[in-house]
Amino acid sequence: MRALPSPLLAVTDRHGHPRPLVETVQAILDGGGRWIWFRDRDLEPEARKRLGEAVAGRVRAMKGVLTVGGDVALARALGADGVHLGGGSGSEAIGAARSALGEAALIGVSAHTPREAVTAAQAGADYVTLSPIYATASKPGYGPALGLTGLADSLGAGLPVVALGGLGPGTVGSCRAVGAAGFAVMGGLMRAADPAAATRALLKAWSAAETSAARASP
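218 is the number that UniProt numbering gives the last residue of the sequence shown; the numbers go up by one with no jumps.
See the structure below:
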């Protein structure tokens, strides 16, 4: 099973705060975040590419990992480390992405049920995001929250599962305790008055849960 580059996957949304997105991304990097999922898919292609170039520059300068949401050609143009594909992406789409970006590329897929996580694993994905774990304004159209039970049920898929949806410092530890390989946050970072401090708080909560899990292991 492939290891994730970081437990925290920070998901971009330039609408989350009036400050420029690149400033938010820089603050997350300054706070210890190293894995950025460049989303912002509502932009026109050229505008998205320009913004992506600015984000990619910040990520590269901090030796971070950049994932691009849903656009393999853009991921290649930006020199990204991987791409995150939509739910239901099968082996053909995953294979095409890997062919375009190279065998080392990190290919993720969105999943909204444990069964979808299994399907993504069988199709060759490197990881899945599973959402929504908790109720969230960012994911209103994907049915009821899965909760920790839904998260636990997805762990037999055979690939790292990244919890997504409604997560904060008070809940990431529970996801780690259940067995999640990582967690993704959008609103809690994009809307934060101090994204660097918010990043540090999230990573601290995850690290504390990781330490507790290690102590509990026989």
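Built from N, CA and C at the ideal position, the CB exists for glycine as well.
If you compare alpha carbons, which of ALA123, GLU116, ASP71, THR211 is closest to SER91? ALA123
So who's on the other strand from GLY82, going by DSSP bridges? THR67, LEU106
What would DSSP say about THR199, mapped onto helix, strand or coil? helix
Let me make sure I understand the geometry here. Which of SER154, ASP30, ALA73 has the alpha-carbon closest to that of GLY102? ALA73
Can you give the Cα-Cα distance for CYS175 and ALA163, rounded to whole angstroms? Roughly 7 angstroms between the two C-alpha positions.
Cut-off 6 angstroms between Cβ atoms - residues of its own chain near ALA10, not counting five sequence neighbours on either side: ILE28, GLY33, ILE36, LEU189
Inspect the beta-carbon positions of LEU130 and ALA117 and report whether they are closer than 8 angstroms. yes
Give me the residue from ASP40, LEU85, PRO114 with the minimum Cα distance to GLY70. Each of ASP40, LEU85, PRO114 was checked against the Cα of GLY70, and the nearest Cα belongs to LEU85.
Rounded to the nearest angstrom, what separates LYS63 and GLY57 at their Cα positions? 10 angstroms
Among ALA104, GLY166, LEU148, which residue has its Cα nearest to the Cα of THR136? GLY166
Near ARG41, what residues of its chain come up, given a Cβ to Cβ distance below 7 angstroms and the 5 sequence neighbours on each side ignored? GLY69, GLY70
Quick one: using the 10 Å Cβ neighbour count with 16 as the cut-off for buried, is ARG115 buried or exposed? Taking all protein chains shown into account, ARG115 has fewer than 16 neighbouring C-beta atoms within 10 Å of its C-beta and is therefore exposed.
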